[in-house]
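First residue of the sequence shown? That's 1 in the UniProt record's numbering, and the numbers climb one at a time after it. Some notes on the structure that comes next.
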Amino acid sequence: LIQYVKSINCEQEAYPAYEDFIVLPLFALFFPSVRFFLDRFVFEKVGSRMIFGKGHQMMNVNTDERRKKIRKFKESAWKCIYYLSAEILALFVTYNEPWFKNTKYFWVGPGDQVWPDQKIKLKLRGLYMYAGGFYTYSIFALIFWETRRSDFGVSMGHHVATAILIVLSYIFSFEVVQTLDKEKHPVDGPFCYYLFNTLLFCLLVLHIYWWALMYRMLVKQIKSRGKLSEDVRSDSEGEDEHED
């Protein structure tokens, strides 16, 4: 297995294809497996130590208030781990590419290739599937795993819109080539334009909403002089909680 992994050429270029999506369900199963392991054997212990101090083993952490704090810690720690790993992976994949610093190369290259007839590297396809698998998993985790908070609908809208954008942007990248090559019908440019921009606008609105929440939380922390306060999203936290 190690030799096989070493033999993989991440710089190999190929046209994207539907077969690439075989990997996406594997990532969608990979993330809950990793999260379950970290929740049980890492986050639980680290959270108890950080929240309750050195004497946490002598304390009864099964009270509702303490379990709620541990649950919140584990959710936040998991998101920190994923987004940190995704950022590192994205930088690894994109940093040395010409289009990282010059967006002109989104449409020109590599080599003499010109959009839409462009190949993409294996590592970029892997990044697509990594992110697509995470947001596919996140839709189900939000329903069956995580604590139900007042921004449940907003979070669900974000995950669905992001997953659709990832999948469709990958599909359209090779659908355009196939359509132009076969010359069956013109590419439906206006449809793609409005679809993508509508989804991107929705994400922009959701991010503004979350920035407003973070501002409220920051103000609340300042007023409480740095003391830990309740999550500003937790209006419904006590009504509908999902156990780990």
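Note that CB positions come from ideal geometry on N, CA and C, so glycine has one too.
Query - With 16 other Cβ atoms within 10 Å as the buried cut-off, status of GLU11 - result: exposed
Query - ILE222 (DSSP reduced to helix, strand or coil) - result: helix
Report task. For GLN3, count neighbouring Cβ atoms within 10 angstroms of its own Cβ and tell me buried if that reaches 16, exposed if not. Result -> exposed
Query raised in the report: In terms of alpha-carbon separation, which member of PHE43, ILE8, TYR130, ASP151 lies closest to GLU87?
Result: TYR130
Query raised in the report: Can you tell which of PHE36, GLY126, ASP117, TRP99 has the C-alpha that lies nearest to the C-alpha of VAL23?
Result: GLY126
Report task. Spell out a yes or no on whether the segment 162-169 and the segment 110-127 are touching, meaning 3 or more CB-CB pairs, one atom from each, closer than 8 Å. Result -> no
Query raised in the report: So LYS119 and GLU19 are in contact, right, with Cβ under 8 Å, and what is the actual spacing, rounded?
Result: With a Cβ gap of about 15 Å, LYS119 and GLU19 do not count as contacting.
Query - Buried versus exposed call for ILE70 [16 or more other C-beta atoms within 10 Å across all chains shown] - result: buried
Requested in this report: Would you tell me roughly how many angstroms separate the C-alpha atoms of ILE51 and TRP107, rounded to the nearest one?
Outcome: 50 Å
Query raised in the report: Using 8 Å as the Cβ pair cut-off and three pairs as the minimum, do the segment 132-145 and the segment 155-162 touch?
Result: yes
Requested in this report: Please say whether ILE139 and ALA163 have beta carbons closer to each other than 8 Å?
Outcome: yes
Query raised in the report: What are the start and end residues of each continuous beta strand (DSSP E) run of 3 or more residues lying completely inside the segment 15-80, in chain order?
Result: none
Query - Element boundaries [alpha helix (DSSP H), containing VAL5] - result: 2-7
Query raised in the report: Taking the C-alpha atoms as reference points, what is the distance between TYR83 and GLN113?
Result: 32 Å
Query raised in the report: DSSP state of GLU146, grouped into three classes?
Result: coil
Requested in this report: Kindly give me the distance between the Cβ atoms of SER173 and PRO16, rounded to whole angstroms, as I take these residues to be in contact under 8 Å.
Outcome: 5 Å
**Report entry** Residues near ALA77 in its chain [Cβ-Cβ closer than 6 Å; skip 5 each side]
**Finding:** PHE43
**Report entry** Euclidean distance between Cα positions of TRP210 and ASP151
**Finding:** 9 Å
**Report entry** Local conformation of GLU13 per DSSP, three classes
**Finding:** strand
Requested in this report: Look at the alpha carbon of TYR135 and the alpha carbon of LYS45, and state the distance between them as a whole number of angstroms.
Outcome: 27 Å
Query raised in the report: With burial defined as no fewer than 16 other Cβ atoms inside 10 Å of the residue's Cβ, what is the status of LEU180: buried or exposed?
Result: Residue placement at LEU180 cannot be trusted, given a pLDDT of 46 that sits under 50; the coordinates are not used to answer.
Requested in this report: Report yes if the C-beta of THR103 is less than 7 Å from at least one heavy atom of the ligand PLP; otherwise report no.
Outcome: The ligand PLP is absent from the structure shown, which contains no ligand whatsoever.
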